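Undergrad:
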Amino acid sequence: KQWYQRRVRAVERLYSDYLYFNGNMYGPRENRTAMSFDEAVRAELARFVTCLSQNNLRMCCYSSENNPKMRLHLGIYICYIRDWYELFAENMIVITLEDYSKQPLPVLYRIFNFLNVPQMPLAELSDYIKSDSKKNTRSKSDSSKGGMLKNTRKLLQDFYHPYNIELAKYLRDTRFIYRYK
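If you count the sequence shown from 1, position 40 lands on 283 in the numbering used here, and the numbers rise without skipping.
#1: Classify residue 381: buried if its beta carbon has 16 or more other beta carbons within 10 angstroms, exposed otherwise.
#2: Give me the Cα-Cα distance between residue 316 and residue 258, rounded to the nearest whole angstrom.
#3: Taking only three categories from DSSP, how would you classify residue 360?
#4: Would you say residue 406 and residue 320 are within 9 Å of each other, going by their C-beta atoms?
#5: Can you tell me whether residue 390 is buried or exposed? The criterion is at least 16 other CB atoms within 10 Å of its CB, across all chains shown.
#6: Rounded to whole angstroms, what's the CA-CA distance from residue 361 to residue 354? Just pull it up for me.
#7: Count the other CB atoms within 10 Å of the CB of residue 417; is the residue buried (16 or more) or exposed (fewer)?
#8: Do you know offhand how far residue 399's Cα is from residue 347's?
#9: What is the C-beta distance between residue 368 and residue 351, in whole angstroms, given that I count them as a contact (C-beta under 8 Å)?
#10: Leaving out five residues before and five after residue 342 in sequence, what residues of the same chain have Cβ atoms less than 6 Å from its Cβ?
#11: Can a CB atom of chain C be found closer than 9 Å to the CB of residue 349?
#12: Looking only at C-alpha atoms, which of 289, 357, 325 and 313 sits nearest to residue 412?
#13: Since residue 395 and residue 292 are thought to touch, with beta carbons under 8 Å apart, how far apart are those beta carbons, to the nearest angstrom?
#14: Compute the distance between the beta-carbons of residue 254 and residue 403, then report whether it is under 9 Å.
#15: Taking all protein chains shown into account, do 16 or more other C-beta atoms lie within 10 angstroms of the C-beta of residue 410, making it buried, or fewer, making it exposed?
#16: Hey, residue 222 and residue 298: beta-carbon distance below 9 Å or not?
#17: Does residue 358 pass the burial test, meaning 16 or more other C-beta atoms within 10 Å, or should it be called exposed?
#18: Out of 421, 256, 392 and 300, which one is the CA nearest neighbour of residue 318?
Structure follows, in structure tokens:
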């Protein structure tokens, strides 16, 4: 059995990815700003739209020739979930990071039940959750850069929205249609 966790809020995932990654993938970390993110997003959106005009979605998401520095394609979850379901059929559950963050115990128990493994004792599981709770947070230096520009956020929301609708239809679960504020 397989379980799969993906954060459906692709917009936030992409900005976090941009701020977090080391190396020269996005240039030196100290030079990454909301404005440089906006420029990278616009360039990648143009490249991705061009790819889609010549190829199908799966090709644009997976091809190493289409694997850019800005990992926009990773937020098109329907592309990957569809393939996982093809391989694992009904032997798979999808868990969102939002669900796990809000209610980790029920989500973990659901995973244990799905995998048909013994559940950990509540005290041990609670200790694990407490120790794991801060691993996916922005650093002080990244936090000081602030959030992404409103125009960039809207651009990405508009881009991902049809794919999130498609994912929700495919999974028959409206939780996957993220309602932007």
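C-beta: ideal position from N, C-alpha, C; glycine also.
Predicted, not measured: the structure shown is a model, and the values here were computed from it.
TA: Here's the rundown:
#1: Position 138 of the sequence shown holds residue 381. Note that residue 381 scores a pLDDT of 49, beneath 50, so its modelled location is shaky and nothing firm can be said.
#2: Along the sequence shown, one-based indexing puts residue 316 at 73. Along the sequence shown, one-based indexing puts residue 258 at 15. One Cα belongs to residue 316, the other to residue 258, and the distance between them is close to 13 Å.
#3: Numbered from its first residue, the sequence shown carries residue 360 at position 117. For residue 360, the three-state secondary structure derived from DSSP is coil.
#4: Here residue 406 is taken as the residue at index 163 of the sequence shown, counted from 1. Here residue 320 is taken as the residue at index 77 of the sequence shown, counted from 1. Taking 9 Å as the Cβ cut-off, residue 406 and residue 320 qualify as a contacting pair.
#5: For the purposes of this step, residue 390 is taken as residue 147 along the sequence shown, with counting starting at 1. That one is exposed.
#6: Translated into positions along the sequence shown, residue 361 becomes position 118. Translated into positions along the sequence shown, residue 354 becomes position 111. Whole-angstrom Cα-Cα distance: 10 Å.
#7: The sequence position of residue 417 within the sequence shown is 174, counting from 1. Taking all protein chains in view, the Cβ of residue 417 is surrounded by fewer than 16 other Cβ atoms within 10 Å, so the residue is classified as exposed.
#8: Residue numbering aside, residue 399 sits at position 156 when the sequence shown is read from its first letter. Residue numbering aside, residue 347 sits at position 104 when the sequence shown is read from its first letter. The alpha-carbon atoms of residue 399 and residue 347 are separated by roughly 28 Å.
#9: Within the sequence shown, residue 368 is the residue found at index 125, counting from 1. Within the sequence shown, residue 351 is the residue found at index 108, counting from 1. Correct: roughly 6 Å between the Cβ atoms.
#10: For the purposes of this step, residue 342 is taken as the residue at position 99 of the sequence shown. Beyond the five residues adjoining it in sequence on each side, residue 342 comes within less than 6 Å, by CB distance, of 350 in the same chain, given in chain order.
#11: Protein chain content of the structure displayed is limited to a single chain, and chain C is not contained in it.
#12: As a working mapping, residue 412 is identified with position 169 in the sequence shown. Residue nearest to residue 412 within the set 289, 357, 325 and 313 is 325 (criterion: CA-CA distance).
#13: On the sequence shown, residue 395 is found 152 positions in, with the first residue counted as 1. On the sequence shown, residue 292 is found 49 positions in, with the first residue counted as 1. That belief does not hold up - the Cβ atoms of residue 395 and residue 292 are roughly 16 Å apart, past 8 Å.
#14: Position 11 of the sequence shown, counted from the start, is the residue given in the question as residue 254. Position 160 of the sequence shown, counted from the start, is the residue given in the question as residue 403. Cβ atoms of residue 254 and residue 403: closer than 9 Å.
#15: Within the sequence shown, residue 410 is the residue found at index 167, counting from 1. By the 10 Å Cβ count, residue 410 comes out buried.
#16: What is shown of the chain runs 244 to 424, which leaves residue 222 out entirely.
#17: Here residue 358 corresponds to residue number 115 of the sequence shown, with the count starting at 1. Burial call: exposed.
#18: Within the sequence shown, numbered from 1, the residue matching residue 318 stands at position 75. When only C-alpha atoms are compared, the closest one is 256.
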